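Residue numbers (our numbering), protein chains in the order written: chain H, 15 to 432; chain V, 2 to 283; chain S, 923 to 1108. Built from N, CA and C at the ideal position, the CB exists for glycine as well. Model, not experiment: these values are computed from the prediction. Report on the following structure.
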Amino acid sequence: MSGHSTYNPTNPVMKWVDDRLPLPRLMYDSFVSYPVPRNLNYWYTFGGILMIMMVSQIITGIVLVMHYTPHVDMAFDSVEHIRRNVNFGNVLQKWHAVGASFFFIAVYIHIARGMYYGSYKAPREILWMLGVAIFLIMMATGFMGYVLPWGQMSFWGAKVITNLFSAVPFFGEAIVTWLWGGFSVDNATLQRFFSLHYLLPFVLVGVVILHVWALHVTGQGNPTGVEVKSGQDTLAFTPFATVKDAFALSVFFIVFTAFVFFAPDYLGHSINYEEANPLVTPEHIVPEWYYLPFYAILRAVPDKLLGVVAMFGSILVWFILPWLDTSKVRSATYRPIFKQLFWLLMIDFFILGVVGANPPEGWWITVGQIATVYYFAHFLILLPLVGLLETPKPLPSSISDAVLAKNADKQPAAQPAE
Amino acid sequence: MKTTKTLLAAIALGTSLVLGGTAAVAAGKQKNAEDISFSFEGVFGNFDRAQLQRGFLVYKEVCAACHSLDQMSYRNLAQPGGPELSVDQVKAIAAESTVMDGPDSEGEMVERPGLPADKFASPFPNREAAMAANGGAYPVDLSLITKKREGFHFPWYVSPFIKLVKGNGGPEYVRSVLMGYEEPPAEAAKDAPEGKSYNPYFSAGPWISMAPPLSEDAVEYADGTKASVEQMSTDVAAFLTWAGEPKMEQRKSMGFQVVLYLVILSLLLFLTKKRVWGREPH
Amino acid sequence: MSTAEAPDEDRRDFLYIATGAVGAVGAAALAIPLIDQMNPSASVLALASIEVDLSPIEVGQSITVKWRGNPVIIRHRTAKEIEEAKAVNIADLPDPIARNANVADGSEATDVNRVVDGKEQYLVQMGVCTHLGCVPIGNEGEYDGWFCPCHGSHYDTAGRIRKGPAPENLPVPEYKYLSDAKIQIG
């Protein structure tokens, strides 16, 4: 999108369109000639995978709405109707439900990659912040979507999470009643969640377009963190990135479809096959796995309001990450201490997830609290400090130098690149 | 990458060690269901038609006296991947039930014999009637019983791996509850609630309101199989698993095609990627 | 070397063609479930036939039953109506074809081809105007049959179109007599 366009249509129809509406040019510049660093590894394919997962969720979602009934008396049965009677309904319903999980798997890898390679650093702060906004919209969408099948965990998850807002001083009760449209999670709640669950994905698409736009303005980061300096450093998006992304996507889909077809219930909760009952609370209310770390942070704080603040704060802190990280060097590859801190954060996040899945009893509480403190310490204390104290390794002078050096390492009897 | 592999190997080893040990540690008071191998388990597992037919007989003759099967229609019994009864058999079974239909042109509700398109008749008109007839306990709808109940409870550090291989143990749960009635230990027997039986496998147990439903030869199998309590429990557990997901066989066979296709596509894309990138250092 | 240049000499390479073809087949296969899910579900198909008892219908009366979501008109015709219907010259009809799912395709629209022989007092037909799908009103119109209020189509006592924009006679659904006064539609 930046710089001059190399699009030169030979097809007269395309030329005719391009002269009037430069959409072919936009597509060509964005997905064909767009230069990508030649040293991108497979961690960089998850942006493309996420794009496909988003489209897949929207398409299967639209299809499911054709058969689903958003009413407390019929929602549960209508999902069973989809699984039992609708042509391919069992696959489509599970594709959507398991798809949500794999959407989150991909987005977590994508975010972790951004943190490891310092993708949030100048000039990509807005690109990063749009990404955080995307994650928040995904979380809201996923949460409301999980309510729709109207099982026990749907209902009680909705009740617990909406009750978070009762922590707001003075207006808490009023806000919760307003969210519910009543005095409990009921039909009014289900219908508004359905409406918003259908709306938010399209908001998501809008923010994703901004995200991609910002990406194409600044250009892609890369594992060295050294900016692109010349044409030597890049390759054309098509065919190079296209075929690599396609391969990664195909492998990702092997795992995804294996779950859809052979373990469709594995990532969900058994108790959600029981219809919602407002009078009986399940023994353990556990959110979907992708919320567990944040759920653990919520429960780690003994105070209701502060717990909610901590939970939202744990994501909102990502917004200021570009300014918390004081290092001049982007990539963890050249930051020995930061690299270790990154892996500690990953372990900490995983521990939080395990804590979130277990009842808040005994030593789980202590572990959760330590992990929560470490989580915030990582962003608010360690990151700013280590950027100032650490001595980074020498950076390569350019991407192509780094690539040549790596290839030379691999084959000491250096063949010139064939 | 190497560390990841080592880690995975360690986890796998740990899991197998725990599994190998006979003492399956129950997380709560509920006893783990006995793990048996059903024909429908695994990636290629399909239902055993004869077993589903026997299981349906047990449901019809025993369970259906109190338990509904709301999500099922009689026509399901004839569809592929199930007990696969003939259309005539299904018509006859449906006709045994009475369906309230109408109103007719006079505004009266009419009773008529059931049709294959009808839902399984419920033994009680509503939840309250069901509870009133069963001493205040609600006989749960069985449509999704094997999906919503879990038979296996393991410590948190192995549970995710075991469930990936074995599922949640729902079918085993049903089977174990049905054949798991026992004399309460002396300690528990002291404060035995009235009208309840002792069943350590029951999820909200160990006291269960349902009296032991099965006894030797409670049903007579058409195929001559001996109707022991274990046999009937196993058969009806299989039948209820099918009722929880009548299209399981179609799902698995489609999944096999999809995954096979994706493996081939991935191989081709890998070769294409190598060819495209071959001339460029990266 | 220009970075934007695709490896030209390999373009016809078998590998590329194979990969593209396999990918295209997959994309096409993906469309099947997405399209087929909109076809009638198993529960809808199971309801595709209904039984109707004709005995309560008095001479000169009609009932309307719902079949596959559409009204089916069943009329116990008077002798006069049958006579009127038989007297019509087929050549005068706008649509000379019977439109009856129970007789051979393209049969003439004689009165007997619109009903079951021997049961000609009972006329069973879809209450869906062949113009744009409105429900015609009984005992109305210039031919003592049915009249569609939407755009003014007149049907006669055998449900044949006589005047107005509708192109075809009211279709007769597939049905059969289970007993003397009981039919199964569908």
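When the Cα atoms are used, what is the spatial distance from residue i to residue j?
i	j	result
A28/V	V259/V	Residue placement at A28/V is poorly supported in this model, since its pLDDT is 37, which falls under 50; the coordinates still yield a value, given next. Each residue's alpha carbon lies about 37 Å from the other.
L141/H	E246/V	44 Å
P441/H	Q383/H	Since the first and last residues shown for chain H are 15 and 432, residue 441/H lies out of range.
V974/S	N286/H	41 Å
T23/V	G942/S	Low per-residue confidence applies at T23/V: pLDDT is 34, beneath 50, and the placement is therefore not dependable, though the value from the model is reported in the following sentence. When rounded, the distance between both Cα atoms is 52 Å.
A96/V	G115/V	5 Å
V26/V	G181/V	Only weak support exists for where V26/V lies, its pLDDT of 37 falling under 50; the value from the coordinates is given anyway. Near 18 Å, if we compare the C-alpha coordinates of G181/V and V26/V.
V343/H	R349/H	7 Å
S244/H	F169/H	56 Å
Y304/H	L64/H	15 Å
V100/H	A970/S	15 Å
E62/V	F162/V	38 Å
P398/H	E404/H	10 Å
V400/H	G279/V	39 Å
The alpha helix (DSSP H) with residue i in it runs from where to where?
i	result
M73/V	Here M73/V belongs to no alpha helix (DSSP H), and DSSP marks it neither H nor E.
S204/V	S204/V -> no alpha helix (DSSP H), and no H or E assigned at all.
W109/H	G103 to Y130
S965/S	A964 to A968
Y1077/S	Per DSSP, Y1077/S belongs to no alpha helix (DSSP H); it is in the beta strand (DSSP E), S1075 to D1078.
Y938/S	F936 to D958
L263/H	T256 to F276
M65/H	F60 to V79
M325/H	K318 to L330
P161/V	S160 to K167
S177/V	G171 to M180
P978/S	Per DSSP, P978/S belongs to no alpha helix (DSSP H) and is neither H nor E.
V174/H	Q166 to N177
V381/H	W377 to A391
G220/H	N201 to T232
With DSSP run on the structure shown, which of helix, strand or coil describes residue i?
i	result
P49/H	strand
C64/V	helix
A250/H	strand
L403/H	helix
K1/V	No answer is possible for residue 1/V: the residues shown for chain V start at 2 and end at 283.
T398/H	Note that residue 398/H is Pro in the sequence shown here, rather than Thr. Three-state result, P398/H: helix.
W989/S	strand
L1045/S	strand
V1025/S	coil
E42/V	coil
Y199/V	strand
I1004/S	helix
I299/H	coil
R997/S	strand
E1090/S	coil
I37/V	coil
K248/V	coil
In the DSSP assignment, the beta strand (DSSP E) including residue i goes from what residue to what residue?
i	result
K1085/S	I1083 to K1085
D975/S	I972 to D975
G1067/S	D1066 to C1070
Y1099/S	Y1097 to S1101
P114/V	V111 to P114
D102/V	T99 to D102
I1105/S	K1104 to I1107
Are there 16 or more other CB atoms within 10 angstroms of the CB of residue i, so buried, or fewer, so exposed?
i	result
S1101/S	exposed
I1107/S	buried
M101/V	exposed
Q354/H	exposed
K1104/S	exposed
F270/H	buried
V300/H	buried
S19/H	exposed
The region 231 to 241 of chain H touching the region 408 to 424 of chain H, judged by at least three CB pairs closer than 8 Å:
yes
Using 8 Å as the threshold, is the region 218 to 236 of chain H in touch with the region 23 to 41 of chain H, meaning 3 or more CB pairs across them?
With a cut-off of 8 Å on Cβ pairs, the region 218 to 236 of chain H is not in contact with the region 23 to 41 of chain H, counting fewer than three such pairs.
Does the region 138 to 145 of chain V come close enough to the region 57 to 72 of chain V that 3 or more CB-CB pairs lie under 8 Å?
yes
Indicate whether the contact test is met: 3 or more Cβ pairs, each with one atom in the region 202 to 220 of chain V and one in the region 320 to 330 of chain H, closer than 8 Å.
no
The region 163 to 180 of chain H touching the region 131 to 139 of chain H, judged by at least three CB pairs closer than 8 Å:
no
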